[in-house]
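What follows is a short report on a single structure.
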Amino acid sequence: MLAMKTLEVYPSMSLSHLQQRFNDLFPYLRLELSPETDVKVNDQQTLDELGHSTTYCCFLIDGTLEVAELEENFSACFGLPLRVSRWTGYGWHDTDTTRQWTLCQQNQKGAEAAHLTPSVAYR
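Residue 0 is where the sequence shown starts when you use numbering that gives the first Met the number 0, and the numbers rise one by one after that.
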């Protein structure tokens, strides 16, 4: 059995590093600040600098984590409204209606959509 890859999230991680590592694990998903946020984004800022949490928090991301759990972890640990988007074949769309799906399930759906529309770049 293959070991599941994980991503450790910690306060001193930059947003750009987090997004790159997340995309390495889940190439058909994106992790972004919610468009409704008023946080001024500099990709080199750390999660700690971007958020407004007073607690020190680390957690792991793996394919068994549900989107809802992941978004709640970022909110609770860093005070950041991050959201997951999935490739649908022609663009990136929110996962609001499938928040109970795991990251692996979401990524698989994105991969299926990419293979149905191979001429459209998803990155």
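Beta carbons are placed, not taken as given, at the ideal position from N, Cα and C, and that holds for glycine. Small disclaimer: the values here were computed from a predicted structure and weren't measured.
Asked: Where residue 81 and residue 14 are concerned, what is the direct C-alpha to C-alpha distance, given to the nearest angstrom?; Found: 10 Å
Asked: Pull up the CB-CB distance for residue 79 and residue 50, whole angstroms please, since I reckon it's below 8 Å.; Found: 5 Å
Asked: Please report the straight-line C-alpha distance between residue 32 and residue 91, rounded to a whole angstrom.; Found: 14 Å
Asked: Using 8 Å for Cβ pairs, my map puts residue 115 next to residue 25. What's the rounded Cβ distance?; Found: About 18 Å; that fails the 8 Å criterion.
Asked: Which term fits residue 27, buried or exposed, when burial requires 16 or more other beta carbons within 10 angstroms of its beta carbon?; Found: buried
Asked: Let's test the definition: count the other Cβ atoms within 10 Å of the Cβ of residue 71 and tell me whether it reaches 16, buried, or not, exposed.; Found: exposed
Asked: What does the alpha-carbon distance come out to for the pair residue 86 and residue 39?; Found: 25 Å
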